[in-house]
Amino acid sequence: MLCFWLAAPAQTTKPGQQPPPNTGRWTADGAIRQETPKLKGGGEAFWTEEFNWASSTGELGWLLPAGWVIEDPTDLGYNWHWANDTLKGVYTNEPPINSTSKANGFLALNADGYNQDLGHYDNYLAVNSSLVSPPINCSGHPSVLVRIEQNFRYWSNSVMLFEVTNDNGVHWASFDMKMGTKVSERVGGIKAGEKVDLYLNLSDVAANMPNVQFKITWRDAKLYYWMIDDITFLEGFDDDLQLVYSEADYDNGTEDAEGFFYGLPKTQLSGFDFTGIIKNFGNIEQWGTQFNVQVTKNNQVIYNESTTSYTLYPGITDTLRIPTQFIPADFGHYKVDFEAKAELPDMVPGDNKASVPFMVTDSMYSRCDNVPEVTFSTWDWYTVPHEGDLMGTWYRIKNPIEVSSISVYINSADILSSFRLVLLGYNEETQSPVELLGSELISMDSTILKNHWVTLPLQKDGEGEFLEAGKSYMAAIEFWNNMDYEAAYESGRYSLGSDRSNYFPANTCWYFFTNDDAWYSTGDDLFMIRLNLNDHSNLIDGISDPQNSGVQLNQNFPNPFTEETTIGFTMANPSEVNLIIKDISGRTVSIRNFGYKPAGENSVVIKGNELEPGNYFYTLQTRDFNKTLKMTVIR
Numbered sequence: 018m019l020c021f022w023l024a025a026p027a028q029t030t031k032p033g034q035q036p037p038p039n040t041g042r043w044t045a046d047g048a049i050r051q052e053t054p055k056l057k058g059g060g061e062a063f064w065t066e067e068f069n070w071a072s073s074t075g076e077l078g079w080l081l082p083a084g085w086v087i088e089d090p091t092d093l094g095y096n097w098h099w100a101n102d103t104l105k106g107v108y109t110n111e112p113p114i115n116s117t118s119k120a121n122g123f124l125a126l127n128a129d130g131y132n133q134d135l136g137h138y139d140n141y142l143a144v145n146s147s148l149v150s151p152p153i154n155c156s157g158h159p160s161v162l163v164r165i166e167q168n169f170r171y172w173s174n175s176v177m178l179f180e181v182t183n184d185n186g187v188h189w190a191s192f193d194m195k196m197g198t199k200v201s202e203r204v205g206g207i208k209a210g211e212k213v214d215l216y217l218n219l220s221d222v223a224a225n226m227p228n229v230q231f232k233i234t235w236r237d238a239k240l241y242y243w244m245i246d247d248i249t250f251l252e253g254f255d256d257d258l259q260l261v262y263s264e265a266d267y268d269n270g271t272e273d274a275e276g277f278f279y280g281l282p283k284t285q286l287s288g289f290d291f292t293g294i295i296k297n298f299g300n301i302e303q304w305g306t307q308f309n310v311q312v313t314k315n316n317q318v319i320y321n322e323s324t325t326s327y328t329l330y331p332g333i334t335d336t337l338r339i340p341t342q343f344i345p346a347d348f349g350h351y352k353v354d355f356e357a358k359a360e361l362p363d364m365v366p367g368d369n370k371a372s373v374p375f376m377v378t379d380s381m382y383s384r385c386d387n388v389p390e391v392t393f394s395t396w397d398w399y400t401v402p403h404e405g406d407l408m409g410t411w412y413r414i415k416n417p418i419e420v421s422s423i424s425v426y427i428n429s430a431d432i433l434s435s436f437r438l439v440l441l442g443y444n445e446e447t448q449s450p451v452e453l454l455g456s457e458l459i460s461m462d463s464t465i466l467k468n469h470w471v472t473l474p475l476q477k478d479g480e481g482e483f484l485e486a487g488k489s490y491m492a493a494i495e496f497w498n499n500m501d502y503e504a505a506y507e508s509g510r511y512s513l514g515s516d517r518s519n520y521f522p523a524n525t526c527w528y529f530f531t532n533d534d535a536w537y538s539t540g541d542d543l544f545m546i547r548l549n550l551n552d553h554s555n556l557i558d559g560i561s562d563p564q565n566s567g568v569q570l571n572q573n574f575p576n577p578f579t580e581e582t583t584i585g586f587t588m589a590n591p592s593e594v595n596l597i598i599k600d601i602s603g604r605t606v607s608i609r610n611f612g613y614k615p616a617g618e619n620s621v622v623i624k625g626n627e628l629e630p631g632n633y634f635y636t637l638q639t640r641d642f643n644k645t646l647k648m649t650v651i652r
């Protein structure tokens, strides 16, 4: 379960600043500690709505209970409704929310469902609907929180509000309900059908008030859905720190932020700076508040640092930074654990921690991890064909190195499309990217669409592959639909995986509109594109150096082939020989051992009926050599 907490805006007090005035108490050491007045502080629930609104007498299988109101200011009919089944629509196929009372049904607003018969996006209509509660008696409750279980996706600049009144709607206090969610992603990065718990602090409006109402509003949304369930009013907790945000920022040697890297080549290592944002969401001050960061490698703690402890007062949010960097020293798998701590045990500990893994390799330079949260496509702006558009991710080079290939996560594409991978530098005179190297042009096939990850070697020219220290390079993909606009619009438009699980600064990812002849940047999406360096020094996880005089691998013949093909190779010295065949996604299809081969010319035969149609890479591996070439099977 994920929990998110929000409160009314409050001032921020940094360590060492004067705290707000309040009462005091004596401690064992004789010092006076300032303390806010004591509340109940146990999080007791006093009002709940489970949306058990099913009714056999209702025209649609449910009835709105007395006291509840659904507002439709535009008289469109796109309204909140009770549901107990999968929400379906243009881009939505979302199972019921896995809420506490999921058996009773839930409330939903399905913009995709309402617009699914209207054809093009330009014809879609925007929802504008509110759900208004009956009066709730908060008398005798000196602190009031509300917990809402929800699951949603939204598009564009839609407004999602929780509003509260204590004077019959004359005045409303508003709280945003997006929880930091970016356009198109599922809230909290959850899986389909799951839920997150949103907590809002309503004390300034609702505490000790006898007549409190709330309103949940969604407007200006044409796409996706919103599900809510199990709304609970409860008292606040005494001891409740929250780690609102945590960040590991790679030091690139400049004052500019660089972001996080999931995969770092050892030749490019530098330090990480750690930042955390901590909020006191509880009723009382938290003595001994600290931000702690711990790094483990192979389950062994190798770094453990904390900020100086201080007192964090209720409602205050602070940004804390660890004073010392962490610099990884060697190959391996690492994990960074962040934690917000205080002297007293936290009553809601689930939101105090976060963690992120990364690895140091010989060759993989990767901002993204392996799993996309959402997708990105230049076809999201689909009023033009987008033939030859590019999408790319920037990488800064610390030490000079040679590049070998690029990897990309292709989420979807039509089988008729084609693509190539491209390395670009930056031209200071023209203030724009310039192509340095490219891969072969590849036709899309089902293997790629099934496995998503594709790695292609760059065609080197003796210059462009050598990357210079202090410069940034873009790893990119260039796409063609190879069909007219109408057919392309109806087909599976090409898209990349987008990783939103880790920190990256704006301007990290750029995309090029061919029709505009212009580059644009995005601050919301991290394109899943990796830069692979020609370094094979990691003898455990890496592969051996392909440059070796005395061994020669020939292109298979015939190529493409249907029935069989022959792969020839020459060795200066006898050696055991393996042949590894991988599909274009990098998945190993076959590993064949041909035993001990003599020096001189040799060959092996591959049968076409042992492979599905498509593109493959075959690697010849001997005692001290490997090299990879591409072959194609056709039917």
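Heads up: the sequence shown runs through residues 18 to 652, numbered per my numbering. No residue lacks a Cβ here, since even glycine has one placed at the ideal position from N, Cα and C.
Report the partner residues of residue i according to the DSSP bridge assignment.
{"i": "residue 88", "result": "147"}
{"i": "residue 97", "result": "In DSSP, residue 97 forms no bridge with anything."}
{"i": "residue 205", "result": "Answer by DSSP bridge pairing: none, since residue 205 is not bridged."}
{"i": "residue 607", "result": "598"}
{"i": "residue 264", "result": "292"}
{"i": "residue 128", "result": "None; residue 128 has no bridge partner."}
{"i": "residue 475", "result": "DSSP output for residue 475 lists no bridge partner at all."}
{"i": "residue 351", "result": "314 and 375"}
{"i": "residue 133", "result": "DSSP, once it has assigned bridges, lists no residue as partnering residue 133."}
Could you check how far apart the C-beta atoms of residue i and residue j are, in whole angstroms? I think they sit under 8 Å.
{"i": "residue 200", "j": "residue 171", "result": "7 Å"}
{"i": "residue 330", "j": "residue 297", "result": "6 Å"}
{"i": "residue 177", "j": "residue 235", "result": "5 Å"}
{"i": "residue 438", "j": "residue 473", "result": "5 Å"}
{"i": "residue 233", "j": "residue 147", "result": "7 Å"}
{"i": "residue 424", "j": "residue 549", "result": "6 Å"}
{"i": "residue 547", "j": "residue 382", "result": "6 Å"}
{"i": "residue 538", "j": "residue 526", "result": "7 Å"}
{"i": "residue 214", "j": "residue 114", "result": "About 12 Å; that fails the 8 Å criterion."}
{"i": "residue 430", "j": "residue 458", "result": "Not confirmed; about 14 Å, so no contact."}
Taking the alpha carbon of residue i as the point to measure from, which residue in the options has its own alpha carbon closest?
{"i": "residue 639", "options": "277, 593 and 315", "result": "593"}
{"i": "residue 350", "options": "376, 155 and 370", "result": "376"}
{"i": "residue 407", "options": "78, 497 and 648", "result": "497"}
{"i": "residue 126", "options": "133, 416, 647 and 144", "result": "144"}
{"i": "residue 461", "options": "510, 448, 94 and 422", "result": "510"}
{"i": "residue 650", "options": "603, 573, 637 and 620", "result": "573"}
{"i": "residue 366", "options": "339, 254 and 305", "result": "254"}
{"i": "residue 580", "options": "625, 602 and 568", "result": "625"}
{"i": "residue 489", "options": "513, 62, 416 and 337", "result": "416"}
{"i": "residue 60", "options": "85, 252 and 404", "result": "252"}
{"i": "residue 531", "options": "405, 499, 491 and 204", "result": "405"}
{"i": "residue 78", "options": "612, 102 and 239", "result": "102"}
{"i": "residue 602", "options": "112, 428 and 85", "result": "428"}
{"i": "residue 361", "options": "305, 237, 89 and 221", "result": "305"}
{"i": "residue 373", "options": "411, 433, 257 and 520", "result": "520"}
{"i": "residue 401", "options": "186, 239 and 503", "result": "503"}
Cutting at 7 Å between CB atoms, please list the residues of its own chain near residue i, excluding the five before and the five after it.
{"i": "residue 518", "result": "206, 386 and 390"}
{"i": "residue 598", "result": "606, 607, 633 and 635"}
{"i": "residue 426", "result": "389, 469, 470, 513, 514 and 545"}
Looking only at its own chain, which residues have a Cβ that is under 8 Å from the Cβ of residue i, when we skip the five neighbours before and after it?
{"i": "residue 80", "result": "70, 72 and 74"}
{"i": "residue 4", "result": "Residue 4 lies beyond the residue range present for the chain, which begins at 18 and ends at 652; the question has no answer from this structure."}
{"i": "residue 109", "result": "127, 129, 130, 170, 241 and 242"}
{"i": "residue 48", "result": "With a pLDDT of 37 at residue 48, under the threshold of 50, the modelled position of this residue cannot be trusted; read the value that follows with caution. Excluding sequence neighbours, residue 48 sits near nothing in its chain."}
Leaving out the 5 sequence neighbours to the left and right, which residues in its chain are closer than 6 Å to residue i when beta-carbon positions are compared?
{"i": "residue 56", "result": "Annotation note: pLDDT 46 at residue 56 (below 50); position unreliable, no value reported."}
{"i": "residue 309", "result": "323, 356 and 358"}
{"i": "residue 456", "result": "437, 438, 473 and 475"}
{"i": "residue 97", "result": "87, 124, 126, 146 and 148"}
{"i": "residue 163", "result": "217, 219 and 250"}
{"i": "residue 505", "result": "498"}
{"i": "residue 563", "result": "A caution first: residue 563 carries a pLDDT of 38, below 50, which makes its placement in the model too unreliable to give a value."}
{"i": "residue 46", "result": "Confidence is the limiting factor: at residue 46 the pLDDT is only 34, short of 50, which leaves the residue's position unreliable, though a coordinate-based value still follows. No residues qualify anywhere along the chain."}
{"i": "residue 609", "result": "596"}
Please report whether the beta-carbon of residue i lies at a distance below 8 Å from any beta-carbon of chain C.
{"i": "residue 574", "result": "This model lacks chain C altogether, as it is built from one protein chain only."}
How about residue i: is its Cβ closer than 7 Å to a heavy atom in the ligand HEM?
{"i": "residue 222", "result": "Ligands in the displayed structure: none, and consequently the ligand HEM is not present."}
Worksheet item: Would you call the stretch 152–166 and the stretch 214–226 in contact, with 3 or more CB pairs under 8 Å?
Response: Contact between the stretch 152–166 and the stretch 214–226 is present: three or more C-beta pairs spanning the two stretches fall below 8 Å.
Counting beta carbon pairs with one atom in the stretch 479–486 and one in the stretch 444–451, are three or more of them shorter than 8 Å? The stretch 444–451 is not in contact with the stretch 479–486.
contact_flag[the stretch 603–618, the stretch 581–595] where n(CB pairs < 8 Å) is 3 or more
In short, these stretches touch, since the Cβ pair count reaches three.
Exercise. Between the stretch 351–363 and the stretch 252–271, are three or more C-beta pairs nearer than 8 Å?
Worked result: Contact holds: three or more Cβ-Cβ distances are below 8 Å.
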